[in-house]
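Protein chains in written order, with my numbering: chain F, 46 to 595; chain D, 7 to 282.
Beta carbons are placed, not taken as given, at the ideal position from N, Cα and C, and that holds for glycine.
Okay, structure first, notes after.
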Amino acid sequence: MTDISQAQPSITHDWSSSTARRRVRRRYGADRRLQLYGLAAIGTAMALLGILFTSLIYAGYAAFTTTKVELGVFLDPEKIDKDNIRAANFRKIVRDAFFSYFPEVQNRTEKRNLSKILSSGADYIVRDYVVRNPDKIGELVKISVPVSDPFDQLYKGIIPREIDALSYDRIALYRQLESRGVLSVVDGVGVAKTTLFVDPAQVPEEGGVEAADFQRMIDEGFRSFFLAEPSRSFYEILSRNAAETLRNKVVADPSLVGKTIEINLPLSSNYDNLLQKGEAKIRNPRFRSDKEFAWFDSLIQRGLISTPFTWELFFNADSRFPELAGLAGALSGSFLALLVCFLLSFPIGIATATYLEEFAPKNRITDLIEVNINNLAAVPSVVFGLLGLALFLNTFGMPRSAPLVGGMVLALMTLPTIIVATRAALKSVPPSIREAALGVGASKHQVMLHHVLPLAMPGILTGTIIGLAQALGETAPLLLIGMNAFIPSVDNVGLTQPAMALPTQIFSWADSPERGFVSRTSAAILVLLGFLVLMNLLAVYLRRRFEKKW
Amino acid sequence: MVKGSLTMDQQVVSPETTTTRSVVEDPKITSGDVSVFYGAKQALFDVNLDIPRYAVTSLIGPSGCGKSTYLRCINRMNDTIPIARVTGEIKIDDQDIYDPDLDVVELRARVGMVFQKPNPFPKSIFENVAYGPRIHGLAKGKTDLEELVTTSLERAGLWDEVKDRINEPGTGLSGGQQQRLCIARAIATKPDIILMDEPCSALDPIATAKVEELMMELREKYTIVIVTHSMAQAQRVSQKTAFFHIGYMVEYGDTKQIFEDPQDKRTQDYIFGRFG
Numbered sequence: 046m047t048d049i050s051q052a053q054p055s056i057t058h059d060w061s062s063s064t065a066r067r068r069v070r071r072r073y074g075a076d077r078r079l080q081l082y083g084l085a086a087i088g089t090a091m092a093l094l095g096i097l098f099t100s101l102i103y104a105g106y107a108a109f110t111t112t113k114v115e116l117g118v119f120l121d122p123e124k125i126d127k128d129n130i131r132a133a134n135f136r137k138i139v140r141d142a143f144f145s146y147f148p149e150v151q152n153r154t155e156k157r158n159l160s161k162i163l164s165s166g167a168d169y170i171v172r173d174y175v176v177r178n179p180d181k182i183g184e185l186v187k188i189s190v191p192v193s194d195p196f197d198q199l200y201k202g203i204i205p206r207e208i209d210a211l212s213y214d215r216i217a218l219y220r221q222l223e224s225r226g227v228l229s230v231v232d233g234v235g236v237a238k239t240t241l242f243v244d245p246a247q248v249p250e251e252g253g254v255e256a257a258d259f260q261r262m263i264d265e266g267f268r269s270f271f272l273a274e275p276s277r278s279f280y281e282i283l284s285r286n287a288a289e290t291l292r293n294k295v296v297a298d299p300s301l302v303g304k305t306i307e308i309n310l311p312l313s314s315n316y317d318n319l320l321q322k323g324e325a326k327i328r329n330p331r332f333r334s335d336k337e338f339a340w341f342d343s344l345i346q347r348g349l350i351s352t353p354f355t356w357e358l359f360f361n362a363d364s365r366f367p368e369l370a371g372l373a374g375a376l377s378g379s380f381l382a383l384l385v386c387f388l389l390s391f392p393i394g395i396a397t398a399t400y401l402e403e404f405a406p407k408n409r410i411t412d413l414i415e416v417n418i419n420n421l422a423a424v425p426s427v428v429f430g431l432l433g434l435a436l437f438l439n440t441f442g443m444p445r446s447a448p449l450v451g452g453m454v455l456a457l458m459t460l461p462t463i464i465v466a467t468r469a470a471l472k473s474v475p476p477s478i479r480e481a482a483l484g485v486g487a488s489k490h491q492v493m494l495h496h497v498l499p500l501a502m503p504g505i506l507t508g509t510i511i512g513l514a515q516a517l518g519e520t521a522p523l524l525l526i527g528m529n530a531f532i533p534s535v536d537n538v539g540l541t542q543p544a545m546a547l548p549t550q551i552f553s554w555a556d557s558p559e560r561g562f563v564s565r566t567s568a569a570i571l572v573l574l575g576f577l578v579l580m581n582l583l584a585v586y587l588r589r590r591f592e593k594k595w
Numbered sequence: 007m008v009k010g011s012l013t014m015d016q017q018v019v020s021p022e023t024t025t026t027r028s029v030v031e032d033p034k035i036t037s038g039d040v041s042v043f044y045g046a047k048q049a050l051f052d053v054n055l056d057i058p059r060y061a062v063t064s065l066i067g068p069s070g071c072g073k074s075t076y077l078r079c080i081n082r083m084n085d086t087i088p089i090a091r092v093t094g095e096i097k098i099d100d101q102d103i104y105d106p107d108l109d110v111v112e113l114r115a116r117v118g119m120v121f122q123k124p125n126p127f128p129k130s131i132f133e134n135v136a137y138g139p140r141i142h143g144l145a146k147g148k149t150d151l152e153e154l155v156t157t158s159l160e161r162a163g164l165w166d167e168v169k170d171r172i173n174e175p176g177t178g179l180s181g182g183q184q185q186r187l188c189i190a191r192a193i194a195t196k197p198d199i200i201l202m203d204e205p206c207s208a209l210d211p212i213a214t215a216k217v218e219e220l221m222m223e224l225r226e227k228y229t230i231v232i233v234t235h236s237m238a239q240a241q242r243v244s245q246k247t248a249f250f251h252i253g254y255m256v257e258y259g260d261t262k263q264i265f266e267d268p269q270d271k272r273t274q275d276y277i278f279g280r281f282g
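As structure tokens, this is what we get:
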């Protein structure tokens, strides 16, 4: 303790001392570092999100247009019965219309190949058009129908006309041979100079030299290039005619039998191309002949090919053919399931939360319920799916694959989220509002309904929409109750009808082998993400709309 | 346990004695041996207090002395705290308000309350005042309700300031206006008694002056009980003053007497600023 009355030299703070400066510098450094860590974290997150969206859009944008070919179809009243339109042979009508573009094609096989340019669903598109416009019968109408998946992908440039004929390891074998310097071009033919032994043991007693197993001799000799190679795929490097070459040589000069000779053996065509042209290409095996390209090119030249926006993606149901597959079934299924989910989980969730928060006595039982609800929010969704399967389907015998059951399972999953969010929202309502209401003589439930719930509503709605958005993207529980049915039509949409949901549709498309489903899958993911963004925007809007300051 | 809690203040002579120098004739509120427990902790000890009608009664004392606890017994706001328990007897006009047959909602309509922090509902000014009459069915029809709201706002001295923006949110008013809105809200349910729990502690001096002026006017029609930390305020507005200290009502009498000639040592110490 210093005596204040005594004269003390006044202590002034030395702002410029080195320790003070170091301290300040260090504090500023720490502040800056913290800021940088934050920025780096945000930057990483944004970059990853950017990559995700870029790749999805890059892969998915193609699905938003469909390659279509315009057909001039004469709706012959003799072939189409006005009273029974569906009975007409639209397959033949469509094909005849299409074949009329190529009068030169008469061969049955070629016609069949030509018809493969059209989507298999073209018949139904024309049929549905006629059903919608029966007055057009007797007229020549122009209808654009999708081309089949390979041509759609070809036109969009997703798949090439030619692909590499040789895989990476085959080319590696070729490079081995090349590095030995045995490859050369003789008389326009790529050959490999091979040393081999014309084995007398391979020359049979009967038939003489001509019947000898020259292939065996070549195999033996050629193998010496690849002693360390375990696979036998190097034999493909040589042409099938190599044995013939050797035979001609030995037959011409039988004295070679029993000798070791050097001979130029011809390469098979792919390796020959590799040697002479530097690359080996073959026609994409998705196409049957080069003629298909010619037909398709002529359609392009005649301006019959167009790529309009794929409304079918939203209005068609699922299909085995990617160019026809759409999300209508999945969208309606997801909508119905979410509707059921909302109608169940919203009132039950709010009632539960309100009771627990405002009315329930605080005792062991309510504590136990509270802990359980909080834990339920962390249970993996597939477990809820199993519960739904065991309880709703097996015990209660509810319909399989139905949005009703899907919605019930999703409601189980969403309930804890809504309850937790609602309780948090109720807790955040200031006690002064409750006191004010009680003070003017409002009863407990009036306080709740007139004041606390309306004030908590923004928080409750946000929680609910986040819960529903989560439910919208949930796949596993829906798979377990069978909401991944193949639904090729949206005529039978109902709560108890078999249905599909967006995430299970994505799951099933991602599993399909056709090339067109790759972009369809990405497009479906974009649609799903679009709905999630919309729902989150709705949550933000509702919060702004109902939020009240106090 | 009771004795133990007293060690914090060595000057307390005997906490159980209460000095009451004025007998209130025809009291509005009578209390007999009111004790309040929060769980195992006793917050209020055997308070006996008769509050006169058409007057302002101040409850003063240091923080935690039980004055707010007592105030909240009068409209049974303590019921909303699950662990709170009230014993003893409080009567309003000879009606025991802790009678199990008595409807607490009805009671709170008759005993209005104004809180420390202005707490208007996040609704329009009109709705704030109209809410009480509406849930109690006090107004018949729209015009009746509008008249009641107007009268209440007029009595709370707020009408002239808000008549042009009756449908704007009550939370948009200034602090002092908000508090007067809360008073208007309390008046609107046609109570006999208005309880005020430190109504001016969140207000500036000008707003405080307005509220105090209002209290003096309202006194003619209502019985007012006010909890305050400001002894000057108690002197200005109240006719009776009760001094509370750590759960006991120590001294009760006319305001003038309490402030000029306190009998109990604890009251003297508090009023002359030796503690508190």
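{"Item": "Chain-order list of residues whose beta-carbon lies under 6 angstroms from that of Gly67/D (same chain, five-residue window excluded)", "Value": "Lys73, Phe249, Phe250, His251"}
{"Item": "Helix, strand or coil at Phe249/D [DSSP, three-state]", "Value": "strand"}
{"Item": "Contact with chain D by Arg480/F, beta-carbon distance below 8 angstroms", "Value": "Looking at the sequence provided, one finds Glu at residue 480/F rather than Arg. Taking Cβ atoms only, chain D reaches closer than 8 angstroms to Glu480/F, which makes this a yes."}
{"Item": "C-beta atoms of Asn329/F and Ile208/F nearer than 8 angstroms", "Value": "yes"}
{"Item": "Neighbourhood of Thr177/D by C-beta, 7 angstroms cutoff - its chain only, sequence neighbours within 5 removed", "Value": "Pro126, Pro128"}
{"Item": "Nearest candidate by alpha-carbon position, reference Ala373/F, set Asp141/F, Val572/F, Met91/F", "Value": "Val572/F"}
{"Item": "Coil, strand or helix - Met7/D by DSSP", "Value": "Residue placement at Met7/D is poorly supported in this model, since its pLDDT is 37, which falls under 50; the coordinates still yield a value, given next. DSSP places Met7/D in coil when its eight states are reduced to three."}
{"Item": "Option nearest Glu337/F by Cα separation, candidates Leu81/F, His58/F, Asn158/F", "Value": "Asn158/F"}
{"Item": "Partner residues on chain C for Gln491/F, Cβ-Cβ distance less than 7 angstroms", "Value": "Any reference to chain C falls outside this structure, whose protein chains are F and D."}
{"Item": "8 angstroms Cβ cutoff met for Pro543/F and Glu519/F", "Value": "no"}
{"Item": "Where Met14/D falls: helix, strand or coil (DSSP)", "Value": "Note that Met14/D has pLDDT 41, beneath the 50 cutoff, so the model's placement of it is unreliable and the number below is only indicative. Of the three classes helix, strand and coil, the one that applies to Met14/D here is coil, per DSSP."}
{"Item": "Thr541/F beta carbon less than 8 angstroms from that of Leu434/F", "Value": "no"}
{"Item": "Chain F contact residues for Thr247/D, given Cβ-Cβ distances below 9 angstroms", "Value": "The premise fails here: Thr247/D is roughly 24 angstroms from chain F at the closest Cβ pair, so nothing lies under 9 angstroms."}
{"Item": "Helix, strand or coil at Thr36/D [DSSP, three-state]", "Value": "strand"}
{"Item": "Contact set for Ile103/D: own chain, Cβ-Cβ below 6 angstroms, skip 5 residues either direction", "Value": "Ile96, Leu113"}
{"Item": "Chain F contact residues for Lys2/D, given Cβ-Cβ distances below 8 angstroms", "Value": "Only positions 7 to 282 of chain D appear in this structure, which leaves residue 2/D out of reach."}
{"Item": "Option nearest Gln183/D by Cα separation, candidates Met255/D, Ile200/D, Asp210/D, Asp203/D", "Value": "Asp210/D"}
{"Item": "Secondary structure of Arg365/F, DSSP reduced to three states", "Value": "coil"}
{"Item": "Closest Cα partner of Phe391/F within the set Ser300/F, Tyr213/F, Leu506/F", "Value": "Leu506/F"}
{"Item": "Residue burial classification, Arg590/F (beta-carbon count within 10 angstroms, cutoff 16)", "Value": "exposed"}
{"Item": "Span of the beta strand (DSSP E) around Arg114/D", "Value": "Taken as a continuous stretch (DSSP letters only), Arg114/D belongs to no beta strand (DSSP E), being part of the alpha helix (DSSP H) at 110-116."}
{"Item": "Rounded C-alpha distance that separates Tyr146/F from Trp340/F", "Value": "9 angstroms"}
{"Item": "Amino acids of chain F, ordered along the chain, whose beta-carbon sits closer than 7 angstroms to that of Val111/D", "Value": "Gly486, Ser488"}
{"Item": "Where Met14/D falls, given that 16 or more other Cβ within 10 Å makes a residue buried", "Value": "Low confidence applies here, because Met14/D scores a pLDDT of 41, under 50, leaving its location unreliable and the question unanswered by this model."}
{"Item": "Chain-ordered chain F contacts of Ala145/D [CB-CB under 8 angstroms]", "Value": "Result: empty, since nearest Cβ-Cβ is about 14 angstroms, beyond 8 angstroms."}
{"Item": "Separation of Phe562/F from Ile282/F, as counted between CA atoms", "Value": "36 angstroms"}
{"Item": "Under 7 angstroms (Cβ pairs) to chain D, residues found in the region 500-532 of chain F", "Value": "Leu500"}
{"Item": "Counterpart residues of Leu201/D in DSSP-defined beta bridges", "Value": "Met119/D, Val231/D"}
{"Item": "Below-8 angstroms beta-carbon distance, Leu471/F vs any chain D residue", "Value": "no"}
{"Item": "Nearest-angstrom Cα separation, counted from Pro522/F out to Ser553/F", "Value": "15 angstroms"}
{"Item": "Identity of the residues DSSP links to Val92/D by a beta bridge", "Value": "Val42/D"}
{"Item": "Buried/exposed call for His142/D, threshold 16 Cβ in 10 Å", "Value": "buried"}
{"Item": "Cβ-Cβ distance between Tyr76/D and Val40/D below 8 angstroms", "Value": "yes"}
{"Item": "Assigned secondary structure, Asp267/D (DSSP; H/G/I helix, E/B strand, else coil)", "Value": "coil"}
{"Item": "According to DSSP, residues forming a beta bridge with Asn529/F", "Value": "Met545/F"}
{"Item": "Local Cβ density within 10 Å of Thr64/F, reported as buried at 16 or more and exposed below that", "Value": "exposed"}
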